[in-house]
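Structure record follows, encoded as structure tokens.
Protein chains: 2
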Amino acid sequence: MIAMRKEIDVCLTPELVHLSDLKDKLVVVVDIFRATSCMVSGLASGVESITPVATVEECLSYREQGHICAGERGGKKIPEFDIGNSPFEYMDDQMRGRNIAVSTTNGTLAIKKSTDAAQIIIGSFLNLSAIADYVLSSEMDVVIHCAGWKGTFNLEDTTFAGALIDRVSDKYQFKTDASLMALSLWQLANSDLYQFLLKSAHAERLKKFGIEEDLKFCSELDHFNIVPILNGKKITVS
Amino acid sequence: MIAMRKEIDVCLTPELVHLSDLKDKLVVVVDIFRATSCMVSGLASGVESITPVATVEECLSYREQGHICAGERGGKKIPEFDIGNSPFEYMDDQMRGRNIAVSTTNGTLAIKKSTDAAQIIIGSFLNLSAIADYVLSSEMDVVIHCAGWKGTFNLEDTTFAGALIDRVSDKYQFKTDASLMALSLWQLANSDLYQFLLKSAHAERLKKFGIEEDLKFCSELDHFNIVPILNGKKITVS
Numbered sequence: 001m002i003a004m005r006k007e008i009d010v011c012l013t014p015e016l017v018h019l020s021d022l023k024d025k026l027v028v029v030v031d032i033f034r035a036t037s038c039m040v041s042g043l044a045s046g047v048e049s050i051t052p053v054a055t056v057e058e059c060l061s062y063r064e065q066g067h068i069c070a071g072e073r074g075g076k077k078i079p080e081f082d083i084g085n086s087p088f089e090y091m092d093d094q095m096r097g098r099n100i101a102v103s104t105t106n107g108t109l110a111i112k113k114s115t116d117a118a119q120i121i122i123g124s125f126l127n128l129s130a131i132a133d134y135v136l137s138s139e140m141d142v143v144i145h146c147a148g149w150k151g152t153f154n155l156e157d158t159t160f161a162g163a164l165i166d167r168v169s170d171k172y173q174f175k176t177d178a179s180l181m182a183l184s185l186w187q188l189a190n191s192d193l194y195q196f197l198l199k200s201a202h203a204e205r206l207k208k209f210g211i212e213e214d215l216k217f218c219s220e221l222d223h224f225n226i227v228p229i230l231n232g233k234k235i236t237v238s
Numbered sequence: 239m240i241a242m243r244k245e246i247d248v249c250l251t252p253e254l255v256h257l258s259d260l261k262d263k264l265v266v267v268v269d270i271f272r273a274t275s276c277m278v279s280g281l282a283s284g285v286e287s288i289t290p291v292a293t294v295e296e297c298l299s300y301r302e303q304g305h306i307c308a309g310e311r312g313g314k315k316i317p318e319f320d321i322g323n324s325p326f327e328y329m330d331d332q333m334r335g336r337n338i339a340v341s342t343t344n345g346t347l348a349i350k351k352s353t354d355a356a357q358i359i360i361g362s363f364l365n366l367s368a369i370a371d372y373v374l375s376s377e378m379d380v381v382i383h384c385a386g387w388k389g390t391f392n393l394e395d396t397t398f399a400g401a402l403i404d405r406v407s408d409k410y411q412f413k414t415d416a417s418l419m420a421l422s423l424w425q426l427a428n429s430d431l432y433q434f435l436l437k438s439a440h441a442e443r444l445k446k447f448g449i450e451e452d453l454k455f456c457s458e459l460d461h462f463n464i465v466p467i468l469n470g471k472k473i474t475v476s
């Protein structure tokens, strides 16, 4: 009997997730600029847990339980919050051992819309190899859920999907053309990922806020060897 | 005063079209395998008009008015219909001067979902240069509306979007990353378009029906120098 290869698929934006059946699947959520890069950076640097929430009000309600409030709207820090959406803020010594509640434009929505999945893990270029190893050791079909930009496709999240597919493609078959396209983008990007991602519309928007260092850091591979997992409402590293 | 460059955008599937404001825009609808390739082939070969309709029943009701019924579901000819979804059927001598009503899985939906546009034109590789010239002479912003596959992204329609953007990019700025990605696909595809498109999931599905000749023909550039335009319910060549 020939073993069936597992399937991998890419959901290009949360706006298309109703077309993917996430039940029994392993979902990798990705929002490179910058939500999931922040989560990985923080959890790898001693943050205790990260709770994604939909609204500013919900986030502030966690402060009463001792949480740090983090997040952005349209790329900018929310005035009432403690920190914005930079991986360097998440790696600050003062965040060690703290619980963070976070609300962002796109990334937290992608997590919220993935809850039918068997398991949700948090991907970024910063923990690419750890995610690839985790996927390879899983018995589940996989969907890479790109946060995109306000419902539309974005370059950086799909390029990450291509990078991950490139690492695991021997053990997975592609379910749709989105995987093939993502892999094509990665092939064009991988010789100079940062320069490739700088072409994206979102990088262009974010450059106006003077955060090139954030963009550069989020484009680096394998700084951290962790796999953040959503358990209930919290993302932690097991 | 610096003239503002017009904008071009790609809607990757009809499922995302609510995120594009089509008002006052020129929309290029594309369904390479095979609806729009058929329409272009037929109209360039003497078909009088093509009326896209949503359902089999609506299509059959046009037969009472003397129309040819054309279309497919899941890539296969609908049994009660006169012809299926092959460009060679549309180019048959018996179609000269005839009006065709057509219902297909994805292409006719993309047309129906574009009706907010100022103008809808029908694109394919077979009339790429004619479409590019038309776009260049237009004063409108442009959205390339890819029919996709049952709501999801597909390779062939987005690669066409990239080919068209490549021809007109001097005069247009990209609205979102979808344009950049489409252009990347075209750069990978253009040295051997047919081989590139054969990798697509839809080509894989269609090969099972033994229609490689259709796929090959639909991957050829500039067979026809026409721009089909939707006028009311009918697509015609002015």
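Respectively, the protein sequence lines represent chains A and B.
Per this note's numbering, residue 1 is the first one in the first sequence, and the count goes up by one each step.
Per this note's numbering, residue 239 is the first one in the second sequence, and the count goes up by one each step.
We put the beta carbon where it would ideally sit given N, CA and C, even for glycine.
Quick caveat, the model's predicted, so the values are computed rather than measured.
Between the C-alpha atoms of A:Asp222 and A:Phe125, what's the straight-line distance to the nearest angstrom?
6 Å
Judging by CA-CA distance, which residue of B:Ser299, B:Ile306 and B:Gln332 is the nearest neighbour of B:Gly284?
Per the Cα distances, B:Gln332.
If you drop the 5 nearest sequence neighbours on each side, which residues of the same chain put their C-beta closer than 6 Å to that of B:Glu253?
Gly389
Within the same chain, show all residues whose beta-carbon is closer than 7 Å to that of B:Met239, passing over the 5 residues directly before and after it, in chain order.
Low per-residue confidence applies at B:Met239: pLDDT is 49, beneath 50, and the placement is therefore not dependable enough to give any value.
Compare the C-beta of A:His145 against all C-beta atoms of chain B and say whether one is closer than 9 Å.
no
Distance check for B:Thr342 and B:Gly309, CA to CA, integer angstroms please.
5 Å
Is the region 214 to 233 of chain A touching the region 126 to 135 of chain A, taking contact as three or more C-beta pairs under 8 Å?
yes
Can you check whether the CB of A:Thr158 is closer than 9 Å to the CB of A:Ala178?
yes
For B:Glu377 versus B:Ala441, is the C-beta distance shorter than 9 Å?
Taking 9 Å as the cut-off, the Cβ atoms of B:Glu377 and B:Ala441 do not count as close.
Contacts around B:Lys409, its chain only, beta-carbon distance under 7 Å, and the 5 residues preceding and following it disregarded:
Arg243, Lys244 and Leu374
Do B:Arg272 and B:Leu431 have their CB atoms nearer than 9 Å?
no
Would you identify the three-state DSSP class for B:Ile316, choosing helix, strand or coil?
coil
For B:Ile423 versus B:Gly386, is the C-beta spacing smaller than 9 Å?
The identity of residue 423 of chain B in the sequence shown is Leu, whereas the question assumes Ile. For B:Leu423 and B:Gly386, no; Cβs fall outside 9 Å.
Quick one: residues in its chain with C-beta nearer than 7 Å to the C-beta of B:Ser275, no 5 flanking neighbours on either side, listed in chain order?
Hits under 7 Å: Pro325, Ser362, Leu364 and Cys456.
Going by C-alpha distance, which of B:Gly280, B:Gly345, B:Ala348 and B:Asp354 is nearest B:Met329?
B:Gly280
Rank B:Ser429, B:Val406 and B:Lys471 by C-alpha distance to the C-alpha of B:Tyr372 and give the top, closest one.
B:Val406
Identity of the residue in B:Lys315, B:Lys351 and B:Thr346 nearest B:Phe447 by Cα
Closest option to B:Phe447, Cα to Cα, is B:Lys315.
Go to A:Thr236, then tell me how far its beta strand (DSSP E) extends in each direction, as first and last residue.
Looking at the DSSP string, the run of the beta strand (DSSP E) that includes A:Thr236 is Lys234 to Val237.
Just to confirm the assignment, what range does the alpha helix (DSSP H) spanning A:Phe196 have?
Leu193 to Leu198
If we ignore side chains and look at the alpha-carbon of each, how far apart do B:Val265 and A:Lys234 end up?
44 Å
Minimum Cβ-Cβ distance from B:Lys351 to chain A less than 9 Å
Taking CB atoms only, B:Lys351 has no neighbour in chain A less than 9 Å away.
Strictly under 9 Å for the Cβ-Cβ distance: is B:Glu245 near chain A by that measure?
no
Closer than 9 Å between beta carbons: that is the criterion. Which residues of the region 326 to 347 of chain B meet it against chain A?
From the region 326 to 347 of chain B, no residue has a Cβ closer than 9 Å to chain A.
Looking only at its own chain, which residues have a Cβ that is under 7 Å from the Cβ of A:Arg98, when we skip the five neighbours before and after it?
For A:Arg98, same chain residues with a beta-carbon under 7 Å away, outside a window of 5 residues either side, are Val47, Glu48 and Ile68 in chain order.
Expressed to the nearest angstrom, what Euclidean distance is found between the alpha-carbon atoms of A:Ser238 and A:Leu164?
21 Å
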